[in-house]
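Okay, so here's the structure we're looking at.
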Amino acid sequence: MFDTLQDRLGSILNGLTGRGALSEKDVAGAMREVRRALLEADVALEVVREFTDKVREKAVGATIVKAIKPGQMVVKIVHDELVALLGTDGVGIDLNAASPVVIMMVGLQGSGKTTTSAKIAARLTKRDRKKVLMASLDTRRPAAQEQLRQLGAQAGVDTLPIVAGQSPTDIAARAVQAAKLGGFDVVILDTAGRTHIDEPLMAEMAEIKRRATPHEILLVADALTGQDAVNLARNFDERIGITGLVLTRMDGDGRGGAALSMRAVTGKPIKLIGTGEKMDALEEFHPGRVADRILG
Ligand code: GDP
């Protein structure tokens, strides 16, 4: 395993105890270690740069007090700055709109979009007593539509009957209509993913958004995404305008740097995290815990 940032900064800075304030030179060495730690935690390079600049500003001139070691002091500055950037605790899904509230799920294939759609539907049904309808808009992969139907059946959530030959936008419109007629509170649209971002995908998402006027557009992304995280989040946000992020596979052994990257480039909140394959493996996002994990 890697050394913790605390260990690394300790060996660089702790000799300075009793020396007044941190100088530019002391901080420069420390920032090299902060940079290394963030890159090892899979934070994207451009985000690392911006972040270390901010921390540097706070750390230069900070007074070294006797009670805490200089290394600990800088780790605290880094930690607080990470928490500030990652956002507030437990934002959750916003249902504050006229029924049926439409939630559009977007993301790459394999990110966990279908599973997360079903997890959210199950939670809204069980915990919040909402009447939820799910619809798969993945017309290219019948298996994906069948997967959502099965997850819905398992979780006791209705899914829109599959009609062969309809376009994704037609299915979206049919889902909203069926929800209105059936008295549903929430409609979850599980859109198609691709293995990479391309123009047809973005055009399809934009058209679905236009037809279904979603209240929430959630980008589902794998927490293990590395340098691609920035591109992914920026593309979806600029083209579609997401309202929040859901990070899946937070149960994996990655350090979760993608959370920081995606939050930094979009400014959109991380609303929920996926922590396993089971339907109840969906949790609130806690910035403090992710900051601890990034720092190791
Ligand atoms: P989609 O292509 O984006 O719809 O992805 P799926 O929902 O089909 O998920 C792909 C795989 O990832 C499935 O085997 C899921 O069970 C798994 N998966 C989804 N979310 C999580 C998670 O939070 N943790 C873990 N460990 N696996 C997940």
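When we follow our numbering, the leftmost residue of the sequence shown carries the number 64, and every step to the right adds one.
Positions of the beta carbon are idealized from the N, C-alpha and C atoms, including for glycine.
Alpha carbon of residue i to alpha carbon of residue j, nearest angstrom
| i | j | result |
| --- | --- | --- |
| Thr151 | Leu171 | 26 Å |
| Gly320 | Ala181 | 25 Å |
| Gly339 | Ala286 | 12 Å |
| Asp201 | Leu158 | 24 Å |
| Gly246 | Ile260 | 35 Å |
| Met64 | Val146 | Here the model assigns Met64 a pLDDT of 49, short of 50, so the residue's position is not dependable and the matter cannot be decided. |
| Gly215 | Arg312 | 21 Å |
| Lys194 | Arg203 | 28 Å |
| Ala344 | Val123 | 42 Å |
| Val128 | Glu103 | 30 Å |
| Arg192 | Arg318 | 34 Å |
| Ile156 | Arg186 | 11 Å |
| Lys139 | Glu120 | 14 Å |
| Arg237 | Met265 | 21 Å |
| Val154 | Ile166 | 15 Å |
| Asp143 | Ala207 | 41 Å |
| Val141 | Asn298 | 28 Å |
| Ser74 | Ala296 | 36 Å |
| Ala84 | Glu96 | 19 Å |
| Arg82 | Ala130 | 13 Å |
| Ser86 | Gly92 | 10 Å |
| Ala218 | Asp291 | 33 Å |
| Gly173 | Gly304 | 21 Å |
Proximity of residue i and residue j at Cβ, strictly below 8 Å
| i | j | result |
| --- | --- | --- |
| Gln210 | Thr177 | yes |
| Lys132 | Thr67 | no |
| Glu346 | Leu358 | no |
| Ser324 | Ala107 | yes |
| His278 | Val164 | yes |
| Leu244 | Val137 | no |
| Asp253 | Met168 | yes |
| Thr115 | Arg98 | yes |
| Ile280 | Leu310 | no |
| Leu149 | Ala354 | yes |
| Thr258 | Asp300 | no |
| Val283 | Gly175 | yes |
| Ala269 | Arg302 | yes |
| Val220 | Thr179 | no |
| Val111 | Met94 | no |
| Leu76 | Asp89 | yes |
| Leu223 | Ala255 | no |
| Lys272 | Thr306 | no |
| Glu113 | Val293 | no |
| Ala161 | Leu196 | no |
| Gln213 | Gln135 | no |
| Gly337 | Asp105 | no |
| Pro231 | Glu262 | no |
Secondary structure of residue i, DSSP reduced to three states
| i | result |
| --- | --- |
| Ala104 | coil |
| Leu76 | helix |
| Ala198 | strand |
| Met136 | helix |
| Thr177 | helix |
| Asp221 | strand |
| Gly83 | coil |
| Leu171 | coil |
| Asp316 | coil |
| Val128 | coil |
| Val111 | helix |
| Glu279 | strand |
| Thr284 | The residue you asked about is not Thr; residue 284 is Ala in the sequence shown. Ala284: strand per DSSP, three-state reduction. |
| Leu158 | coil |
| Lys334 | strand |
| Met64 | Because the pLDDT at Met64 is just 49, under 50, the model does not fix this residue reliably, and the point stays unresolved. |
| Val123 | coil |
| Ile183 | helix |
| Glu340 | coil |
| Gly351 | helix |
| Ile251 | strand |
| Thr232 | helix |
| Val118 | helix |
| Thr188 | helix |
| Thr258 | coil |
| Val309 | strand |
| Ile357 | helix |
Test: residue i CB closer than 8 Å to a CB of chain C
| i | result |
| --- | --- |
| Lys182 | Among the protein chains of the structure shown there is no chain C, as only one such chain exists. |
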